[in-house]
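Take 1040 as the starting number for the sequence shown in the numbering used here and just add one per residue.
A short write-up of the structure that comes next.
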Amino acid sequence: SNMAATGNAEETQLQEMEEEAGMEREMDSDEEEGMGIENSDDEEDDSSEDDKENEAEIQRLEEQLSINAFDYNCHVDLIKLLRQEGELPPLRKARQKMSELFPLTEEIWLDWLKDEIRLTEEELNREKVYELFEMAVKDYICPEIWLEYAQYSIGGMGLPGGMEKVRSIFERALTAVGLHMTKGATVWEAYREFENVILATVQPPPGSVPTCEQQELLNAQLERIHTLFRRQLAIPLMDMEGTYAEYEEWSDQGVSDTVSQKYKRALQQMEKSKPYEETLMAAEPPKLAEYQTYIDYEQMEGDPARIQIIFERALAENCLVPDMWAKYTKYLDRQLKIKDLVLSSHDRAVRNCPWTMGLWKNYLLALERHGADHQTISDIFEKALNAGFIQATDYVNIWEAYLDYLRRRVDFSKESSRELEELRWTCGLESGDPSCTIMQVWAKIEALHCKNIQKARELWDSIMTKGNAKFANMWLEYYNLERSYGDALHCRKALHRAVQCTADYPEHVCEVLLTFERVEGSLEDWDAAVQKTEIRLNRVNEQRAKVAEKEAHLVRQEEEKTEQRRRAKADKKNQKKGQKGSRPGEKRKAEDEDNEDEWGEESEQPPKRHRGEGNHGSFRGGGAEEFMETESGLFGRRAPPCRRQEPPGAKRGQQIAPDTVRKTQEDNPEQRKDDCSVFISNLAFSMEDPEKRLKELFESCGPVQSVRPVYAAKGFRGYCYVQFEGKTSVPEALKMDRREVDGRPMFVSPCVDKNKNPDFKVFKYNTNLEKHKIFISGLPFSCTKEQLEELCKDQGTIKDIRLVTNRSGKPKGLAYVEFEDEAQASQAVLKLDGTVLQEHTLSVAISNPPRRNAADKPDFSRPMGAMMPRAMVYGSRGKGRTQLSLIPRSLHRQTGAESKAENGTAPKPTGGASGDAGFEAQAKPMSNSDFAKFLLRK
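Take a look at the structure:
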């Protein structure tokens, strides 16, 4: 009767456990059903329209996947929609397709498992779910999936072998995630809880005396729980002090010294690892740097199991980082060498990063290392070829790795074998190798292993006919093959052909031929070699001379065209001047009109520059020439000295107070401190009171000594100089570069005299490959920084966003987004490329800006003096602008031939008095009326 009672109690307990195992799933089901029913009355009218929209979207996603099956986001969206629709057969099919191509995340797996568990409860077929769980635990290390697996297996404990299956799954879970410092304890506790429930079923009823069998069962179950406690306490886990206290309370026998010693050692280990865990908890995903530091620490400690678990944890959050997979598989290959573990890790690596050739190559080597059959290795090689490598050389490298494997299979002691024929056949398949690397290896194999030098020569003939005969290194490779496995006759023949055909380094090939004949040839051979090399080198030198002469002729032609354009422009200006009146007032007016053409023309684009044209200004007057370089190129724009500057609102011809004139004439290098100043450009011409406005803008950078806007006849020219009281304000001011002012980006550049610093460059943005930054094109013009940040924030930590605009502030539909590291940027490219934003399909790539053109640089490949004669010096705005001096000609100091005006007729020479007067006039500012009186006296 006691046995019967015990049996009934055990059966009741098992039923309770199975019910508990199903309760959570029922609750989830009820919640989901409730969510579906909620507000159904309010949404009845819209449901049919939503269904139609969903069906259309599902059809679109399926079509897109039929075109590109490797679109990860498309798979995710399709599964999400099908789950909403409740279409279970197509949902299962969509999940299976995605699982074949990609490892699935924890969230996707848990949703899939819960859906399948609900289905199998109706079908009473648990094996399908067990198979699904086995697939799920292989993708990434995930304690939650292991707990779900164990929980589900408990529901089948009443079936034959159910108890053993539950314990087997728990043991596998402990092996996989039991060492997880932060989440491993939950698996241990779940296992102990399960064994405690079993303990309750084997305990005899109160007051009864257990039989020998019952006592044995009871002791065995108690020992299981003791063993679990002892195993857990020997492992460093967070909050392990609580587990130790629980064991002390549970154990009737107390805690043995052995267990206490192991616990103390584990506690010390946990304290050493705790800072790394705390750093991980505080860091933002994906925590690549923090994980790398942790991995380095564990590798120094040297515990293989702990190294493996930290690698797995890092890869769960950085699954798209090929370098991390490469480090992990390398460690497994060299240290653990456990076949199943090594091969499964290589398989996961290439599923996560299929575009990385190195991972496929290492996978092939690992398969060969662990004795995989030939068909398996061939299948993996075929998958690698279809993986979609980024570079063409990757395909050549993977072919080389596979051919190396095929070559190692061949027994060359046999004259012929199936393996040798397969190697030859495979070598002949690859056709995308312009440098014929594979054919070269094949030729060496034929010559060395097969003793078939004739076949090797045929292969080299084929290599040379594919456009490689002009390269010296290819001929020398063939020559070395003949030296090793051929004869002197073929060596000589190869070198003679090399001398005839080589185009890149003919001198080197000639030297090799002469050296060969010096060592092995007869006198006749030597004479023939000398004659051949002399003829060839003479012909080469003639060809080089012709090329040089042609280049020089092209340069001369370009210079002549430039000179003709300059003369035509000058003649046109002279004709215009000849048509103007000769009265002083009219002359002054004409000069003003020319001045307006020079300085008043409103243009937001930099002046076009032709090849061979310089950028140096040619203004004369009290101020030295000044040159500024901005991102749009090198300019020498500045207001002409000794000319009245008209502030905004001033009418032409209106007299201006002398202090205003003086104020605008303070801009000269003697009074200005370049190291305390910045150059501001690209401002709106319509800006009101730019001096006051800019002073307010830049006061936050430091005390502003002066603001010098540049005006012309039509008003403000859109640029100015801001001088601070101290040098420390300049870096702060430069940070305001491209800040939007009146709807336009304001350019802020250092103020540098280009005469003293001709090589100075200002270009804010990098032109090299930036792996931590992505480039987005195809954006709608209405896109804002906030919208872009919302789009990209899920991919990682965003450090900076830059929307590209033109000089007027209008968007170009381009943007740069800078992430914290390369892994985040790579993930963003994979997730965002092809995304649709406001009906615009975005293109996303790693930032690799084009280099600046030579014409944008301040110096050309040839010096300026070689490009044009001395007379061809254009003004600061380039060719095609009036270069009239802004000082009356009578005030110029005459300096011989150089005193001629660059456009128009030179004035007649004047006496020394006028020269002195001109010199004095430069030192003292004069108004228009002063100039007129001075001219009338002349």
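Built from N, CA and C at the ideal position, the CB exists for glycine as well.
Inset, instruction - Please list the segments of the beta strand (DSSP E) lying wholly inside the region 1747 to 1803, counting only runs of 3 or more residues, in order along the chain. - result: You should have 1754 to 1763, 1778 to 1780, 1783 to 1789.
Inset, instruction - Return helix, strand or coil for Ala-1344, following the three-state DSSP convention. - result: Helix.
Inset, instruction - Kindly indicate which residue of Ala-1411, Asp-1412, His-1413, Asn-1436 has the alpha-carbon position closest to the one of Ala-1423. - result: Nearest neighbour of Ala-1423 by Cα position, chosen from Ala-1411, Asp-1412, His-1413, Asn-1436, turns out to be Asn-1436.
Legend entry - DSSP-derived helix/strand/coil call for Val-1389: Assigned with DSSP and collapsed to three states, Val-1389 falls in helix.
Legend entry - Under 8 Å between C-beta atoms of Trp-1364 and Leu-1327: Cβ atoms of Trp-1364 and Leu-1327: not closer than 8 Å.
Inset, instruction - Taking all protein chains shown into account, decide if Gly-1099 is buried (16 or more other Cβ within 10 angstroms of its Cβ) or exposed. - result: Residue identity check: residue 1099 is Arg in the sequence provided, not Gly. Exposed is the call here.
Legend entry - Cα-Cα separation, Ile-1274 to Val-1205: In a straight line, the C-alpha of Ile-1274 is about 22 Å away from that of Val-1205.
Legend entry - Whole-angstrom distance between Asn-1391 and Cys-1831, CA atom to CA atom: In this structure, the CA atom of Cys-1831 is about 21 Å from the CA atom of Asn-1391.
Inset, instruction - Specify the secondary structure class of Ser-1384 as computed by DSSP and reduced to three states. - result: Helix, per DSSP.
Inset, instruction - Tell me whether Arg-1650 is buried or exposed, calling it buried when 16 or more other Cβ atoms sit within 10 Å of its Cβ. - result: With a pLDDT of only 42 at Arg-1650, under the threshold of 50, the placement of this residue in the model should not be trusted; the figure read from the coordinates follows. Around the beta carbon of Arg-1650, fewer than 16 other beta carbons lie within 10 angstroms, which makes this residue exposed.
Inset, instruction - Please name the residue in Ala-1405, Glu-1101, Ala-1388 whose C-alpha comes closest to that of Ala-1426. - result: The shortest Cα separation from Ala-1426 among Ala-1405, Glu-1101, Ala-1388 belongs to Ala-1388.
Inset, instruction - Drop a sphere of 10 angstroms on the beta-carbon of Trp-1289, count the other beta-carbons inside from all chains shown, and report buried for 16 or more, exposed for fewer. - result: Its Cβ having fewer than 16 others within 10 Å, Trp-1289 is exposed.
Legend entry - Under the three-state DSSP convention, the category Val-1115 falls into: DSSP places Val-1115 in helix when its eight states are reduced to three.
Legend entry - Where Ala-1273 falls: helix, strand or coil (DSSP): DSSP, read as helix, strand or coil, puts Ala-1273 in coil.
Legend entry - Distance CB(Leu-1359)-CB(Leu-1869) smaller than 8 Å: A contact, by the Cβ cut-off of 8 Å.
Inset, instruction - Using a threshold of 8 Å, state whether the C-beta atoms of Leu-1994 and Ile-1719 are closer than that. - result: Because the chain in this structure spans residues 1040 to 1977, residue 1994 falls outside the shown range and cannot be described.
Legend entry - At least 3 beta-carbon pairs within less than 8 Å: the region 1366 to 1376 vs the region 1289 to 1301: Contact fails: fewer than three Cβ-Cβ distances are below 8 Å.
Inset, instruction - Take the Cβ of Ile-1208 as the centre, count every other Cβ of all protein chains shown within 10 Å, and call the residue buried at 16 or more, exposed below. - result: The residue in question, Ile-1208, is buried, as its Cβ has 16 or more Cβ neighbours within 10 Å.
Inset, instruction - Look at Asp-1776 and Phe-1786 and say whether their C-beta atoms are less than 8 Å apart. - result: Taking 8 Å as the Cβ cut-off, Asp-1776 and Phe-1786 qualify as a contacting pair.
Inset, instruction - Report buried or exposed for Asp-1178, applying the criterion of at least 16 other Cβ atoms within 10 angstroms of its Cβ. - result: By the Cβ-count criterion, Asp-1178 is buried, with 16 or more other Cβ atoms from all chains shown falling within 10 Å of its own Cβ.
Inset, instruction - Could you name the residues of the same chain whose beta carbon sits closer than 6 Å to that of Leu-1773, not counting the 5 residues immediately before and after it, in chain order? - result: Correct list, in chain order: Val-1787.
Legend entry - Collapsed DSSP secondary structure at Gln-1260 in the structure displayed: If DSSP states are grouped into helix, strand and coil, Gln-1260 belongs with the helices.
Inset, instruction - Quickly, what does DSSP pair His-1879 with across the bridge? List them, please. - result: Under DSSP, His-1879 forms a beta bridge with Leu-1876.
Legend entry - DSSP three-state assignment for Gln-1190, whether helix, strand or coil: In this structure, Gln-1190 counts as helix in the three-state DSSP scheme.
Inset, instruction - For Pro-1819, count neighbouring C-beta atoms within 10 Å of its own C-beta (all shown protein chains included) and say buried if the count is 16 or more, exposed if not. - result: Exposed, since its Cβ has fewer than 16 Cβ neighbours within 10 Å.
Inset, instruction - Answer yes if the region 1849 to 1856 comes into contact with the region 1720 to 1727, meaning at least three C-beta pairs across the two stretches below 8 Å, and no otherwise. - result: Proximity of the region 1720 to 1727 to the region 1849 to 1856 falls short of the contact definition, fewer than three beta-carbon pairs being nearer than 8 Å.
Legend entry - Distance CB(Ile-1264)-CB(Arg-1231) smaller than 8 Å: In this structure, Arg-1231 lies closer than 8 Å to Ile-1264 by Cβ.
Legend entry - Chain-order list of residues whose beta-carbon lies under 7 Å from that of Asp-1372 (same chain, five-residue window excluded): Hits under 7 Å: Val-1381, Ala-1405.
Legend entry - Exposed unless 16 or more other CB atoms sit within 10 angstroms - verdict on Arg-1622: With a pLDDT of 49 at Arg-1622, under the threshold of 50, the modelled position of that residue is not reliable, and the figure given next carries that caveat. Under this definition Arg-1622 is an exposed residue.
Legend entry - C-alpha distance - Ala-1108 paired with Val-1226, whole-angstrom precision: Between Ala-1108 and Val-1226, the alpha-carbon positions lie close to 37 Å from each other.
Legend entry - Given 8 Å, three or more beta-carbon pairs between the region 1142 to 1160 and the region 1313 to 1325: Taking 8 Å as the limit for Cβ pairs, the verdict is that the region 1313 to 1325 does not touch the region 1142 to 1160.
Legend entry - CB of Val-1241 within 8 Å of CB of Leu-1256, strictly: Yes.
Inset, instruction - Quick one: which unbroken alpha helix (DSSP H) runs of 4-plus residues sit fully inside the region 1116 to 1155? Chain order, please. - result: Correct list: 1127 to 1140.
Legend entry - Backbone CA spacing between Glu-1994 and Gly-1848 [nearest angstrom]: Absent from the structure is residue 1994, since the part of the chain shown begins at 1040 and ends at 1977.
Inset, instruction - Quickly, what does DSSP pair Pro-1850 with across the bridge? List them, please. - result: DSSP output for Pro-1850 lists Thr-1844 as bridge partner(s).
Inset, instruction - With a 10 Å radius around its C-beta and 16 neighbouring C-beta atoms as the bar for buried, classify Val-1538 as buried or exposed. - result: With a threshold of 16 other beta carbon atoms within 10 Å, Val-1538 meets it and is buried.
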